[in-house]
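Numbering (the numbering used here), first residue to last: 4 to 214.
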């Protein structure tokens with residue numbers, strides 16, 4: 004099957020074949036995916052456990068989370084860091100970005116022990132992908148905690164804007180285009196759309212509620 008995609012920076016359309024089925028991908032295909040639509044596409048809920056090796060990500064968006072964003076991160080029971088790769092950040096600003104448990108690539112996750120002396124002793128890794136075709140984004144979520152209960156129960160679908168500590172975004176060349184830190188309103192800036200309200204998981208700006 005052939006699909007149409009837009010070539011980045013030109014607006015020209017070209018044709019490309021659908022990516023191979025997830026369970027046919029070999030480890031030697033691992034590479035930096037500069038376009039998430041070129042990344043391996045998962046088509047089933049079973050397959051090899053590659054521990055994310057097939058999905059090295061370029062950071063275009065970063066969200067951080069905690070139970071209480073008003074408190075200092077080091078005092079929290081857990082901390083979340085999500086890195087998102089996408090070619091078109093402004094599109095995700097216009098359309099919004101969100102995820103559910105359906106976006107999680109279940110075979111890719113793993114648990115690791117952190118180096119001695121860090122605030123949290125363990126890290127749980129998740130990998131997620133957009134369900135829209137062609138794929139607009141891929142993501143890696145790390146949940147750090149010293150509590151196995153938190154590592155078991157804090158899941159991607161449970162995270163909300165109310166849990167967000169910070170948000171950043173970068174353009175294709177790596178220059179910063181969006182910044183938001185929950186405890187410092189003076190840092191809030193969107194150089195692409197200024198004050199245009201953003202939906203879903205973007206923390207700011209939000210449309211003012213009518214009274």
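No residue lacks a Cβ here, since even glycine has one placed at the ideal position from N, Cα and C.
All of these numbers come straight from a predicted model, not from anything done at the bench.
Extent of the continuous beta strand (DSSP E) to which residue i belongs
i, result
"residue 172", "167-173"
"residue 86", "81-88"
"residue 115", "113-116"
"residue 131", "125-132"
"residue 101", "That residue, residue 101, is in no beta strand (DSSP E); it is neither H nor E in DSSP."
"residue 181", "179-184"
Under the three-state DSSP convention, the category residue i falls into
i, result
"residue 95", "helix"
"residue 152", "helix"
"residue 201", "coil"
"residue 212", "coil"
"residue 2", "Limits of the chain in this structure are 4 at one end and 214 at the other, which puts residue 2 out of reach."
"residue 77", "helix"
"residue 109", "helix"
Inter-residue CB distance, residue i and residue j (contact presumed, cutoff 8 angstroms)
i, j, result
"residue 85", "residue 144", "5 angstroms"
"residue 207", "residue 191", "5 angstroms"
"residue 64", "residue 92", "6 angstroms"
Exposure of residue i, with buried meaning 16 or more beta-carbon neighbours within 10 Å
i, result
"residue 189", "exposed"
"residue 172", "buried"
"residue 197", "exposed"
"residue 127", "buried"
Proximity below 9 angstroms, CB of residue i to CB of residue j
i, j, result
"residue 98", "residue 62", "no"
"residue 170", "residue 81", "no"
"residue 123", "residue 159", "no"
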